[in-house]
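Convert by adding 7 to the 1-based position in the first sequence; the result is the number in our numbering.
Note that beta-carbon positions come from the ideal geometry of N, C-alpha and C, so glycine has one too.
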Amino acid sequence: MIKILFPDGSAKEFEKGISIEEIAGSISSGLKKQSVAGYVNGELFDLNRPIQEDAEIRIITKKDKEAFEILNHSAAHLLAQAVKRLYPNAKFGVGPAIREGFYYDIDAGEPIREEDLEKIEKMMKRISQEQTVITRRELPKTEALAFFKDDKYKVELITDLPEGEIISVYNQGDFTDLCRGGHIGNTKNIRFFKLLSLAGAYWRGDSNREQLQRIYGTAWYSEEDLKNHLLVLEERKERDHRKLGKELKIFELNNDAGQGLALWLPAGYTVRKVLEDYVYKLEKKAGYLHVSTPALGTKRLYEISGHWSHYRDNMFPAMERDGEVFVLRPMSCPHHMLVFKSDLRSYRDLPIRYAELVTQHRYEASGALSGLERVRAMTLTDAHLFVREDQIKKEVLDAYNLILQAIKDLNLEIEYVELALRDKEKGKFHDNDQLWDLAERLLKELLAEEEIEYTEMKGEAAFYGPKIDIQVRTATGHIITMSTVQLDFLLPERFDLNYIGSDGEKHRPVVIHRGLISTWERLMSILLEQYKGAFPTWLAPTQIKVIPVSLDAHGAYAKKLNDLFIDYDFRSELDMRDEKLGYKIREAQTLKVPYQIVVGDNEVDSNLVTYRKFGSAEQVTVTVEEFLSMLKKEVIEKGN
RNA sequence: GCCGGAAUAGCUCAGCAGGUAGAGCAACUGACUUGUAAUCAGUAGGUCACGGGUUCGAUUCCUGUUUCCGGCACCA
8 MIKILFPDGS AKEFEKGISI EEIAGSISSG LKKQSVAGYV NGELFDLNRP
58 IQEDAEIRII TKKDKEAFEI LNHSAAHLLA QAVKRLYPNA KFGVGPAIRE
108 GFYYDIDAGE PIREEDLEKI EKMMKRISQE QTVITRRELP KTEALAFFKD
158 DKYKVELITD LPEGEIISVY NQGDFTDLCR GGHIGNTKNI RFFKLLSLAG
208 AYWRGDSNRE QLQRIYGTAW YSEEDLKNHL LVLEERKERD HRKLGKELKI
258 FELNNDAGQG LALWLPAGYT VRKVLEDYVY KLEKKAGYLH VSTPALGTKR
308 LYEISGHWSH YRDNMFPAME RDGEVFVLRP MSCPHHMLVF KSDLRSYRDL
358 PIRYAELVTQ HRYEASGALS GLERVRAMTL TDAHLFVRED QIKKEVLDAY
408 NLILQAIKDL NLEIEYVELA LRDKEKGKFH DNDQLWDLAE RLLKELLAEE
458 EIEYTEMKGE AAFYGPKIDI QVRTATGHII TMSTVQLDFL LPERFDLNYI
508 GSDGEKHRPV VIHRGLISTW ERLMSILLEQ YKGAFPTWLA PTQIKVIPVS
558 LDAHGAYAKK LNDLFIDYDF RSELDMRDEK LGYKIREAQT LKVPYQIVVG
608 DNEVDSNLVT YRKFGSAEQV TVTVEEFLSM LKKEVIEKGN
């Protein structure tokens with residue numbers, strides 16, 4: 008007999024070798040039905056794995072957050088089993104659960120096509136109906152290697168496991184997989200799932216190695232949950248900025264203009280201009296100085312900065328004129344170094360904060376381009392802060408807080424904060440260990456002092472220094488970098504930047520690189536998806552649409568109102584086309600104009616405005632003055 | 001760049017066992033003069049992404065290229 012201790016503190020004796028499932032069953036049949044796995048002395052146990060000693064347990068039920076992962080991990084195994092039956096020569100990479108489902112990386116011996124997913128899914132259903140028990144077995148490394156000898160990927164995985172580590176495999180009928188576990192006990196428990204897409208994926212994430220085929224899928228505990236998730240996926244497509252950008256005429260990507268080179272249409276440029284003014288004011292208040300520097304620069308400049316040796320692959324090729332070689336700038340830091348050098352600086356001058364809306368060109372891999380999210384010509388909300396060493400922490404923190412302010416104003420949500428560090432193994436970073444250690448230590452200290460939660464990302468730093476990246480999630484589920492603060496001791500060296508200290512001696516300033524709210528291109532993609540195209544009034548390309556009921560009877564009043572709104576700096580448009588009222592209203596709604604105003608006899612007679620706010624069917628009648636002050640307040644407060 | 005998929009009118013899409021294409025919306029013309037999501041009628045609009053091949057004949061089949069989509073790698 009063994010003693011099982013429950014989370015509520017109670018204890019009970021069971022036969023040695025009892026499973027979570029059986030313990031759950033002994034409590035109630037309902038709990039048995041709901042249970043999917045359990046923790047035994049803190050270790051994740053499958054539903055049917057025998058418990059051999061006294062233990063403290065916690066049963067995981069379908070409602071617990073781990074349950075989704077366990078189901079989807081098991082679904083990945085089910086997928087692999089189905090593929091193995093259909094493609095007997097198939098070899099397998101890794102097959103984990105992910106945020107919204109699972110995938111498995113497969114080398115099927117022949118290309119799997121999208122149309123094959125259907126038959127694979129059918130096979131999965133059949134195996135599920137076979138109700139095969141999923142059992143765990145532990146074995147030593149040599150045996151594991153022998154068992155998987157025909158699958159070079161598994162052999163590599165096993166070989167890389169530390170000596171002495173327990174290796175476990177999971178069997179379900181005719182299929183056995185290397186796996187740490189946490190499984191669902193029986194294939195019959197995987198009932199509601201769907202294979203979603205097929206993609207290429209490099210083995211171990213290394214583009215120099217084989218490419219496997221990755222099948223994505225999602226599994227749920229009920230038909231309804233699965234249906235709801237598929238609905239969510241459908242709804243996400245409606246938020247896709249490429250679709251909305253077309254519908255709302257925000258931007259255009261034209262092949263003759265060039266791949267990844269976006270054209271801003273009038274509506275899109277209007278929003279961009281509002282954002283430009285917003286950023287300018289925000290930075291003004293924070294003590295930034297605005298400068299402007301060229302998109303073209305000498306290659307020499309980028310040799311001095313180190314971009315030419317560290318970043319050349321991401322740059323468009325050099326061009327030569329009059330014996331000088333020029334490049335399109337991928338970043339503006341070198342230019343801003345020169346701006347700093349344009350004058351003699353005193354310690355009293357620092358910090359100096361140069362901001363610029365920097366148009367820059369980067370040679371992004373063709374496969375990386377995606378709408379406005381990844382482009383090759385972009386305008387960054389950039390800044391470089393030149394500070395004394397004693398000012399570093401405060402300035403990094405201020406820059407960080409300014410970013411938080413902007414993100415809040417735009418009603419965006421941070422997914423998480425990353426601290427991107429160097430990885431010495433990778434060659435792409437400058438090699439002054441002392442500077443790296445100092446920069447990384449300072450950022451870590453700051454994040455700790457301010458109690459900012461973050462994830463460390465080794466090897467993700469810029470070549471010149473570590474950075475704090477602020478990540479957001481797009482409607483399509485991509486994680487992208489929204490903002491960044493980077494600490495740089497290198498470029499001041501390379502450009503031989505100095506300031507005169509209180510001791511009368513020359514000192515080296517430190518540079519903080521800062522991206523406020525990414526680029527206009529990426530920001531626009533994020534905003535379109537965030538607002539589903541319905542911009543808040545302060546950002547909307549057209550804020551007010553004035554529609555007369557009858558052109559003859561109400562046209563003059565409509566024109567008077569429209570002129571007044573424009574005088575008050577609102578972006579108002581008058582619809583005097585010879586069209587039906589319903590037609591014009593529909594169009595205003597389709598274009599998601601925040602305030603749609605219809606004027607008829609009522610309004611003309613009493614000098615009133617009847618508006619309908621986008622997203623609401625309610626018609627509200629107010630005086631012209633009330634309407635103006637309401638709108639003004641809304642715009643200043645950046646309300647929705 | 002790599003793996004898989006796709007490309008038909010300005011937009012959304014249908015169609016073609018191989019016999020040079022169709023709808024709705026938008027545009028244009030005319031009629032209608034309207035109180036909260038599409039008035040009616042007519043007109044025009046396409047080298048079916050581009051090049052090569054097979055064929056009596058290719059938008060359709062094969063092949064190359066380009067671009068886009070889902071991912072991977074890369075990354076603001």
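In the three-state reduction of the DSSP assignment, His368 falls in the strand class. In the structure shown, Ile191 adopts coil according to DSSP, grouped into three states. Contact annotation: Gly49 and Ile27 have beta-carbon atoms that are not nearer than 7 angstroms.
Taking C-beta atoms under 8 angstroms as the contact rule, Leu12 and Ala62 qualify, at a distance of about 7 angstroms.
Straight through space, the alpha carbons of Phe155 and Gln138 are spaced by roughly 25 angstroms. About 17 angstroms separates the Cβ atoms of Gln441 and Ala469, ruling out a contact at the 8 angstroms cut-off. When the five nearest sequence neighbours on each side are left out, the beta carbons in the same chain lying within less than 7 angstroms of the beta carbon of Thr483 are those of Arg243 and Asp247, in order along the chain. Membership of Thr305 in the beta strand (DSSP E) is indicated by the continuous run Leu303 to Thr305. Sorting Leu308, Leu392, Val365 and Leu219 by C-alpha distance to the C-alpha of Ala206 places Leu219 at the top.
Excluding sequence positions up to five before and after Thr526, its CB lies within less than 6 angstroms of the CB of Met385, Thr386 and Leu387, all in the same chain and listed in chain order. For Leu530 and Glu594, the gap between their C-alpha atoms comes out near 26 angstroms. With a beta-carbon spacing of about 6 angstroms, Leu303 and Leu335 fall inside the 8 angstroms limit used to define contacts. When DSSP reads this structure, Met637 sits in no beta bridge, so it has no partner.
Out of Ile34, Lys10 and Ser17, the CA that lies nearest to the CA of Lys23 is found in Lys10.
The Cβ-Cβ distance between Ser557 and Gly522 does not fall below 7 angstroms. Pairwise C-beta distances place the region 458–477 out of contact with the region 347–360, as fewer than three of them are shorter than 8 angstroms.
Shown here for Ala115: same chain residues with a beta carbon closer than 7 angstroms to its own, the five before and five after excluded, namely Val90, Tyr94, Ala97 and Gln220 in chain order.
For Gln537, the enclosing alpha helix (DSSP H) stretches over residues Trp527 to Tyr538.
Here the alpha carbons of Ile592 and His561 stand approximately 16 angstroms from one another. In this structure, DSSP gives Val298 a state outside helix and strand, which the three-state scheme calls coil. Counting only runs of 3+ residues, the beta strand (DSSP E) found wholly inside the region 313–357 occupies 326–328 and 331–335, in chain order. Counting other Cβ atoms within 10 Å of its Cβ, Asp495 reaches 16 or more and is therefore classed as buried.
The region 388–465 is shown to contain whole alpha helix (DSSP H) runs of 4 or more residues at 399–416 and 440–456, in chain order. The region 171–186 makes no contact with the region 70–77, as fewer than three CB pairs between them are under 8 angstroms. Nearest neighbour of Lys348 by Cα position, chosen from Gln136, Glu150, Leu498 and Ala151, turns out to be Leu498. Out of Ile30, His236, Gly192 and Val382, the CA that lies nearest to the CA of Asn262 is found in Val382. Boundaries cannot be given for Lys256, as no alpha helix (DSSP H) includes it and DSSP labels it neither H nor E. Straight-line spacing of the CA atoms in Val629 and Val616 works out to 5 angstroms.
The Cβ atoms of Tyr602 and Tyr618 lie closer than 7 angstroms to each other. When secondary structure is reduced to three states using DSSP, Lys288 falls in the helix class. By the criterion of at least three beta-carbon pairs nearer than 8 angstroms, the region 185–201 is in contact with the region 229–242.
Only buried fits Tyr111, as 16 or more other CB atoms lie within 10 angstroms of its CB. The C-beta separation of Thr597 from Arg578 comes to about 17 angstroms, leaving the pair out of contact by the 8 angstroms criterion. Between Leu392 and Glu402, the CB-CB gap stays under 7 angstroms. Distance from Gln478 to Glu422 at the Cβ level is roughly 5 angstroms; contact confirmed, criterion being Cβ atoms closer than 8 angstroms.
When DSSP states are grouped into helix, strand and coil, Met489 belongs to the strand group.
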